[in-house]
Amino acid sequence: MSSDCLFCKIVNREIPSEFLFEDDAYVVFKDIHPAAPVHLLLVPKKHIRSINDLTAADSSILSGLFMVARDMAKEQGINESGYKLLFNVEKGGGQEIFHIHLHLIGGWKKK
Ligand code: AMP
Ligand code: ZN
Numbered sequence: 007m008s009s010d011c012l013f014c015k016i017v018n019r020e021i022p023s024e025f026l027f028e029d030d031a032y033v034v035f036k037d038i039h040p041a042a043p044v045h046l047l048l049v050p051k052k053h054i055r056s057i058n059d060l061t062a063a064d065s066s067i068l069s070g071l072f073m074v075a076r077d078m079a080k081e082q083g084i085n086e087s088g089y090k091l092l093f094n095v096e097k098g099g100g101q102e103i104f105h106i107h108l109h110l111i112g113g114w115k116k117k
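Per the numbering used here, the sequence shown starts with residue 7, numbered consecutively.
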C-alpha cells in the first residue's frame, strides 16, 4: 500500500469503483477514459511501481495477471475477435499511474 497511490486507494475501496472482477490478488475495472469499446485495467493488489520494479518473487503475480486477462477477454466477448494487452512503463512510456497495471483493449467493430 502506498498512501498517495490512486490505484491502492481503489484497491482498498477508499475511492469507489465498480470492479468487474476481484480476488485476493487482483482487481479489474473500466478505464475512466476508454481508448476502445472495451478498455479494462487489470491491477494487482500489491503496490509495484512499474515493470521495472518487478522482482523474481513477483513472477506469479505477473503470470496470474495474464490468466486474468485471458478470462476477462472471454467474459467481455472479445477473445475471438482479438484484443491488445499493454503495459506503459514510466513517464516516457506513457505511464501516468505508478502502480503496475495491464490494459486490456479491444471490441472494435469488424470491417
Ligand atoms: P497508464 O497511462 O498506463 O498509467 O494508465 C492509467 C490509466 O488509468 C489511464 O488510461 C487513465 O484513463 C486511467 N485512470 C485514471 N484514473 C482512473 C480512475 N479513477 N478510474 C479508472 N481509470 C482511471
Ligand atoms: Zn499503489
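By construction, the Cβ of each residue, glycine as well, lies at the ideal position given by its N, Cα and C atoms.
Remember, it's a predicted structure, so these values are computed and weren't measured experimentally.
Measure the alpha-carbon distance for Ala31 versus Arg76 and round it to whole angstroms.
-> 16 Å
Enclosing beta strand (DSSP E) for Val44 [first to last residue] = Val44 to Pro50
Which residues does DSSP pair with Val33 in a beta bridge?
-> Glu28 and Val49
For Leu92, the first and last residue of its enclosing beta strand (DSSP E) = Tyr89 to Leu92
From what residue to what residue does the beta strand (DSSP E) around Ile111 run?
-> Leu108 to Gly112
Among the residues of its own chain, which have a CB less than 7 Å from the CB of Glu96, if the five just before and after it don't count?
-> Ser56 and Asn58
Residue nearest to Cys11 in terms of C-alpha spacing, selected from Leu91, Gly112, Glu102 and Tyr89 | Glu102
So what's Cys11 in DSSP terms, helix, strand or just coil?
-> coil
Out of curiosity, what's the CA-to-CA distance linking Ile67 and Lys36?
-> 20 Å
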